[in-house]
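S.K.:
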Amino acid sequence: MAAATVAAVPSAVKKEDPAAIVDLSSDEDADSTSRDSKHADYLKTDASINDRKSEDLDEDDTSSLTEDIVNLSEIEEFEYAKTTGPDLCTVEEAQEFRSRLHEIGIDQFIRETITKKAISAKKLCTAFGIRIPAGLFDVETDESYYPFLGLAITREFARRPRLEQYTNIDHAANLLQTAKNIVVITGAGISTSLGIPDFRSKNTGFYAKLQDHGYEDPQEVFDIHHFDEDPSTFYKLAGDILPDMCKWTPTHEFIHLLQQKDKLLTNYTQNIDNLESQAGILSEKLIQCHGSFATATCRKCDYKVPGEEIFNDIRHQKVSECPRCVETLKAPQRSGVLKRKRSSNSHGGKGKRRKSSEEDHDSDGDYDIPQPGVMKPDIIFFGEGLPKEFFSRLKEQDTKKVDLLIVIGTSMQVAPVSEIPQIIPKDVPQIYISRDPVKHINFDIQLLGDCDVVVGELCRRANWELKHKMHPPGQQVDITPFKSNSGHGNGCSWTIKARK
Ligand SMILES: [Zn+2]
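FYI, the numbering for the sequence shown is 1226 to 1725, going by the numbering used here.
1. Would the beta-carbon of K1525 be found less than 7 Å away from any heavy atom of ligand 1?
2. Tell me where the alpha helix (DSSP H) around P1706 begins and ends.
3. Using DSSP with H/G/I as helix, E/B as strand and the rest coil, what is C1523?
4. Please find out if some non-hydrogen atom of ligand 1 comes closer than 7 Å to the beta-carbon of C1550.
5. For C1526, which residues from the same chain have a beta carbon less than 7 Å from its beta carbon, with the 5 sequence-adjacent residues on both sides left out?
6. Closest by CA to H1515, which one among H1693, N1399, I1357 and G1412?
7. For P1531, write down the residues that DSSP places opposite it in a beta bridge.
8. Please go through the same chain and pick out, in chain order, the residues whose beta-carbon is closer than 7 Å to the beta-carbon of V1702, but skip the five residues on each side of it.
9. For R1724, name the three-state secondary structure that DSSP assigns.
10. Please go through the same chain and pick out, in chain order, the residues whose beta-carbon is closer than 7 Å to the beta-carbon of K1601, but skip the five residues on each side of it.
11. Count the other CB atoms within 10 Å of the CB of D1256; is the residue buried (16 or more) or exposed (fewer)?
12. Helix, strand or coil for D1448, going by three-state DSSP, please let me know.
13. Can you check which of these residues, V1680, V1530 and D1487, is closest to E1509 by C-alpha distance?
14. Kindly indicate which three-state DSSP category Q1495 falls into: helix, strand or coil?
15. Which partner residues does S1659 have in the DSSP bridge list?
16. With DSSP as the reference, please indicate the residues paired to E1602 in a beta bridge.
17. Please state whether DSSP places E1546 in a helix, a strand or coil.
18. Pull up the distance between the alpha-carbon of G1450 and that of E1614, whole angstroms please.
19. Measure the CB-CB distance between N1393 and W1689 and report whether it falls below 8 Å.
20. With respect to the beta strand (DSSP E) encompassing V1409, which residues constitute its N-terminal and C-terminal limits?
21. Taking only three categories from DSSP, how would you classify F1607?
22. Consider the C-beta atom of G1532 and the heavy atoms of ligand 1; say whether any pair is separated by less than 7 Å.
23. Between the C-alpha atoms of V1234 and V1364, what's the straight-line distance to the nearest angstrom?
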């Protein structure tokens, strides 16, 4: 009975009688209920495909092959507008099918389409951006397409659907003008025009430098346990990622402009360079998801200082001591708290430090020498949690108020920040600005290019003045539909380039 699925994979197509492939649609005797359930079964979930994969197959990796083909087909997205034919959905049909799916759910959608024979599975595949490569089937039946359709539908249903009314940069500019509570998510891409490396990315000079020092992974340097054991590693290397405090980019200025226009609800940044603050974004509007260099805290007594106070030590590769701990150690009568066995986060024991007065009458030797705590910049290390306010603000305020989401300069690979587009209400428009497109999130409009250039053009179209010395006032841009490697666009992704 599983012949229809078998036919999906060429190597698995039965060599015998094609008539053995059961055609459900011509099975006049099948009662409609069982036919319904068969269709629903085929099309419902990945699991159902997995379940029936091996029965009639020589190979038993049908589902992964199916997924491969679906993924491949997605890469080769085609331009609906330029394709016509009985087996191809128009762009309007595709949009309609996709919104209908989200409206009524998978089961009902299958009943309305495939079960009622309102459309062929082959054609319906194209509504979800899937075009099965020609020649895949030895014997082509519409059931051959069920596994692909099943995957496509399941995947589409799990995503936030695009809002089809927004497709281009003018829509984006209009959204800027009308929105009142904008959430902006930012990543390394908004700072790179200043030469600040993304220290988590593997292709930066900083990463190479780590390797020179014998570290395979930034995680070793930015691990909180490692820091507590030996902070000198971090202090040796951190000078390279220390932000230049006097500069910020036109993209930072753009976010600041949103704040000035009273439209900025929250900027969630994954950057630790603290340039948002430099650009004037208020701390109550800013969530630094991975912390920042803006402040530093003693690992021993939690004393907090402005980040700049330890910059000099970082620049000189010198482990920074907590000034409060040092003071306390100088005052014998108040030193009880710190008169403990040497803590693991102390970097003492190198024999260089002058003995404090109280050590002089400590008789039990080295093991009881009090040491000041080490200052750590408040960037979030591996092994530390995200700021509490991240979750509380998102849940209690932002998801209720947000009316526009703009994601800039991040490939949205790191959770939980990457989950925000799925968490906020589905009817809130989402704009994506970055060098490269993303496929795993359904942004309504993707504006691809240099962030500074894109936000400059957005401001121009919104009749806003973006004042920044790196933003040429009369900047002109070329906007072309983004095309994937296979030369296809999707109608809502655009490449934006500054005209030279
Ligand atoms: Zn301290």
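Even for Gly, the Cβ is constructed at its ideal location relative to N, Cα and C.
M.R.: Looking at the atomic coordinates:
1. yes
2. No alpha helix (DSSP H) contains P1706, which is instead part of the beta strand (DSSP E) from V1702 to P1706.
3. strand
4. yes
5. C1547, R1549, C1550 and G1598
6. G1412
7. T1520
8. V1678, E1682, I1721, K1722, A1723 and R1724
9. coil
10. F1452, A1521, T1522 and R1524
11. Here the model assigns D1256 a pLDDT of 37, short of 50, so the residue's position is not dependable and the matter cannot be decided.
12. strand
13. D1487
14. coil
15. L1673
16. Checking the displayed sequence, the identity of residue 1602 turns out to be Pro instead of Glu. Paired residue(s): A1521.
17. strand
18. With the sequence shown as reference, residue 1450 is identified as His, and Gly is not the correct amino acid for it. When rounded, the distance between both Cα atoms is 24 Å.
19. no
20. I1407 to T1411
21. strand
22. no
23. Confidence at V1234 is low in this model, with a pLDDT of 26, below 50, so its placement is unreliable and the value that follows should be read with caution. Straight-line Cα distance between these residues: approximately 11 Å.
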